[in-house]
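These protein sequence lines map, in sequence, to chains A and B.
In this text, residue positions in the first sequence follow this note's numbering: the first is -9, and each later residue adds one.
In this text, residue positions in the second sequence follow this note's numbering: the first is -9, and each later residue adds one.
Heads up, the thing below is written out as structure tokens.
Protein chains: 2
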Amino acid sequence: MPLPYRFLTSLYVRVNGKALLIDSGEATQIAMKKAKLSASPIDVICFTHYHADHISGLPGLLLTMGNQERTDTLTMVGPKGLEKVVNSLRVIAPELPFDIEFHELSEDEEELSGVGLRIRAFKVHHNVTCYGYTMELERAGRFDAEKAKDLGIPLKAWNRLQHGETVEMEQKTYTPDMVMGPPRKGIKLSYVTDTRPTGSILENVRDSDLFICEGMYGDKEKAQKARQYRHMTMYEAAKLSGDAMAKETWLTHYSPSMAHPGEYIGAVRKINPNIIVAKDGQSTTLRFEEGG
Amino acid sequence: MPLPYRFLTSLYVRVNGKALLIDSGEATQIAMKKAKLSASPIDVICFTHYHADHISGLPGLLLTMGNQERTDTLTMVGPKGLEKVVNSLRVIAPELPFDIEFHELSEDEEELSGVGLRIRAFKVHHNVTCYGYTMELERAGRFDAEKAKDLGIPLKAWNRLQHGETVEMEQKTYTPDMVMGPPRKGIKLSYVTDTRPTGSILENVRDSDLFICEGMYGDKEKAQKARQYRHMTMYEAAKLSGDAMAKETWLTHYSPSMAHPGEYIGAVRKINPNIIVAKDGQSTTLRFEEGG
Chain A
-9 MPLPYRFLTS LYVRVNGKAL LIDSGEATQI AMKKAKLSAS PIDVICFTHY
41 HADHISGLPG LLLTMGNQER TDTLTMVGPK GLEKVVNSLR VIAPELPFDI
91 EFHELSEDEE ELSGVGLRIR AFKVHHNVTC YGYTMELERA GRFDAEKAKD
141 LGIPLKAWNR LQHGETVEME QKTYTPDMVM GPPRKGIKLS YVTDTRPTGS
191 ILENVRDSDL FICEGMYGDK EKAQKARQYR HMTMYEAAKL SGDAMAKETW
241 LTHYSPSMAH PGEYIGAVRK INPNIIVAKD GQSTTLRFEE GG
Chain B
-9 MPLPYRFLTS LYVRVNGKAL LIDSGEATQI AMKKAKLSAS PIDVICFTHY
41 HADHISGLPG LLLTMGNQER TDTLTMVGPK GLEKVVNSLR VIAPELPFDI
91 EFHELSEDEE ELSGVGLRIR AFKVHHNVTC YGYTMELERA GRFDAEKAKD
141 LGIPLKAWNR LQHGETVEME QKTYTPDMVM GPPRKGIKLS YVTDTRPTGS
191 ILENVRDSDL FICEGMYGDK EKAQKARQYR HMTMYEAAKL SGDAMAKETW
241 LTHYSPSMAH PGEYIGAVRK INPNIIVAKD GQSTTLRFEE GG
């Protein structure tokens, strides 16, 4: 339920000029405007599931994209039923100047790519089919200029080799592995809401640079309610993210009954010190490791 | 298009413990919470038309009403297609603990009643079928106690006569007209958006105590755009409301391209001095005339 000072949960990921959105509940487009994030670069929208708080803002967002005269195809990813749900909601957004391509998830785990990221969807444990997502930005190995010189590779082939291409030049074939070191550590971002903690989440989000995770309740008496409605408490999220060795974890998706999520931070940090009780508009920039 | 500081246009009318809502665009329920208005007393929702900015917030609002454990039937009023549009949007709000009763408008003008008001819907002139609404709270005539005494009407019949009932008592029949004066002036509230000015609007909103009217553009160069897209400029609204002798007029439904609607107030008041450039959360209490 959206509150005046706390909108519904959504993630906007910007990478190299493109953007990916996870979920779009009512007023997500207002939250985006507040954060000065444009709808134009969004090429992929992933849905965790189709409860209204995760998709009710979609028709308005699509119309805004249409008003921005978007013509590029928009890709949507989500559990089975995606096309039916979206088309049903489009009763109030029937005409758009762009196509929508649907990717319906049917396996327990699926890998796809979009906006330059390796996206992995994995089933979580809610009262309806629901998925979590990891997004990885890969980083090529280091280019070994000395080796390239020693092998006599022409200078004009270097850039293409650095970008992973095989180059045929002067009757010779040069492959990237001749001059590129092993892949370096990339960036891993994970997003999980509306679920109990599971082993699959633990495995999938392992070693995330940033793990955004549901922390529905802070009040310890709500543990039973979390189990009943298939949500996660802040303490469960702290344990899970600690076990998964996430570098940093943000809690989100708070119950409207919880007026001040921040008051539980002390108790939560006893379990996992690298955790933040995220607020609306929480934002960061993830960068490749220096000297990696 | 909702903006961070200006949400979509909607009207919440509270009368004798019940409420009526006109339109429910994205984030209307957030605007209501900001204004400390509850969804519970809403018994009637009227729609002007089904463009997304007037109905996209409905699924979330219905779910909120459901969470409040509403069981009373909710009445919806709107142009033809209402049931289809609402049921289509309910793909994300399929289970509600209350029934919805649909009243689809098919005539150019229709009168109905709800939450104690006489509601009149009248077709306006937009690029899709669109209706304006007037809501009248009627006021009975003054009770003539002297006359009741002269006629020997028993005291215990008085209250029922004042409420318009015919009373049979001690083998006699007493009717309200025996002791009630002519109906006194009630309260009239009118709501019109997404239309060109028309004669029908003029006639229907005549003598409103409060007329809430679209003022889409303040920039005089947008007059052509208003005609093209079937909207009303602030100046057209001022002329219309002045001609209709509305006691007070509020402008609303501003174009997102208009950053500061208030800057046109001087020019608008030259046409109609009893006008306000309304802001989000604008609120007033309309009362019966004193000594009426």
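Even glycine gets a Cβ: it sits at the ideal position worked out from N, Cα and C.
Might you give, ordered along the chain, the residues of its own chain that have their beta carbon closer than 6 Å to the beta carbon of residue i, omitting 5 neighbours on each side?
i: S180 (chain B); result: T124, V195, S198, F201
i: K237 (chain A); result: D199
i: G176 (chain B); result: E126, L127, E128, R129
i: P119 (chain B); result: Here residue 119 (chain B) turns out to be Thr, not Pro, going by the sequence shown. Counting only Cβ-Cβ distances below 6 Å, and skipping sequence neighbours, we find P69.
i: S190 (chain A); result: F112
i: G154 (chain A); result: P166
May I ask you to check if the CB of residue i is nearer than 6 Å to at least one heavy atom of the ligand FAD?
i: R217 (chain A); result: As for the ligand FAD, it is missing from this structure, which has no ligand bound.
Specify, as a first and last residue, the run of the alpha helix (DSSP H) that residue i falls within.
i: Y123 (chain B); result: Careful: Y123 (chain B) lies outside any alpha helix (DSSP H), inside the beta strand (DSSP E) at 121 to 129.
i: I82 (chain B); result: No alpha helix (DSSP H) holds I82 (chain B); DSSP gives it neither H nor E.
i: V34 (chain A); result: No alpha helix (DSSP H) holds V34 (chain A); the beta strand (DSSP E) holding it covers 32 to 36.
i: R150 (chain B); result: 145 to 152
i: A21 (chain A); result: 18 to 24
Excluding five sequence neighbours on each side, which residues of the same chain lie with their C-beta closer than 7 Å to the C-beta of residue i?
i: Q272 (chain A); result: W240
i: I286 (chain B); result: The displayed coordinates of chain B run from -9 to 282. Any statement about residue 286 (chain B) would go beyond what the structure contains.
i: Y2 (chain B); result: A9, L11, M22, L27
i: R150 (chain B); result: V157
i: E279 (chain A); result: K175
i: I255 (chain A); result: V267
Do you know how far the Cα of residue j is from the Cα of residue i?
i: R259 (chain B); j: R80 (chain A); result: 40 Å
i: A249 (chain A); j: G15 (chain B); result: 26 Å
i: L52 (chain B); j: L86 (chain B); result: 8 Å
i: W148 (chain A); j: A138 (chain A); result: 8 Å
i: P263 (chain A); j: P31 (chain A); result: 35 Å
i: P166 (chain B); j: R132 (chain B); result: 11 Å
i: C36 (chain A); j: A213 (chain B); result: 41 Å
i: M168 (chain A); j: L192 (chain A); result: 36 Å
i: E226 (chain B); j: I45 (chain A); result: 38 Å
i: Y164 (chain A); j: I143 (chain A); result: 8 Å
i: M(-9) (chain B); j: G56 (chain A); result: 12 Å
i: S103 (chain A); j: I109 (chain A); result: 5 Å
i: R4 (chain A); j: K210 (chain A); result: 35 Å
i: H221 (chain B); j: E97 (chain B); result: 22 Å
i: D62 (chain A); j: D89 (chain A); result: 7 Å
i: T(-1) (chain B); j: E253 (chain B); result: 19 Å
i: M66 (chain B); j: E100 (chain B); result: 14 Å
i: Q152 (chain B); j: M159 (chain B); result: 15 Å
i: M224 (chain A); j: V105 (chain A); result: 31 Å
i: K24 (chain B); j: L95 (chain A); result: 38 Å
i: D33 (chain B); j: T274 (chain A); result: 44 Å
i: D43 (chain A); j: P172 (chain A); result: 43 Å
i: D83 (chain A); j: K146 (chain B); result: Note that residue 83 (chain A) corresponds to Ala in the displayed sequence, not to Asp. Straight-line Cα distance between these residues: approximately 59 Å.
i: P353 (chain B); j: K162 (chain A); result: The requested residue 353 (chain B) is not part of the displayed model; chain B covers only -9 to 282.
Tell me, please, which residues DSSP counts as bridged to residue i.
i: Y164 (chain B); result: B:V157
i: P87 (chain A); result: Note: P87 (chain A) sits in no beta bridge, so no partner.
i: V3 (chain A); result: A:L10
i: P49 (chain A); result: None; P49 (chain A) has no bridge partner.
i: R(-4) (chain A); result: A:L(-7)
i: L95 (chain A); result: A:P69
i: L64 (chain A); result: A:I90
i: M170 (chain A); result: A:F133
i: R186 (chain B); result: B:H115
Can you tell me where the beta strand (DSSP E) with residue i in it begins and where it stops?
i: E100 (chain A); result: 99 to 104
i: K113 (chain A); result: 107 to 113
i: R174 (chain A); result: 174 to 182
i: L141 (chain A); result: It is not in any beta strand (DSSP E) - L141 (chain A) carries neither H nor E in the DSSP assignment.
Can you give me the Cβ contacts of residue i inside the same chain, cut-off strictly under 8 Å, excluding the 5 residues immediately before and after it?
i: E59 (chain B); result: P87
i: Q19 (chain B); result: A29, G47, G50, L51, T54
i: L107 (chain A); result: V3, V5, L10, M125, E126, L127
i: M235 (chain B); result: R196, D197
i: R217 (chain B); result: R186
Examine chain D for any beta-carbon lying closer than 7 Å to the beta-carbon of residue i, and answer yes or no.
i: P(-8) (chain A); result: Absent from the structure is chain D; the protein chains it does hold are A and B.
**Item:** Unbroken stretches of the alpha helix (DSSP H), 4 residues or longer, contained in the stretch 200 to 278 of chain B
**Value:** Runs of the alpha helix (DSSP H) inside the stretch 200 to 278 of chain B: 213 to 219, 224 to 233, 255 to 259.
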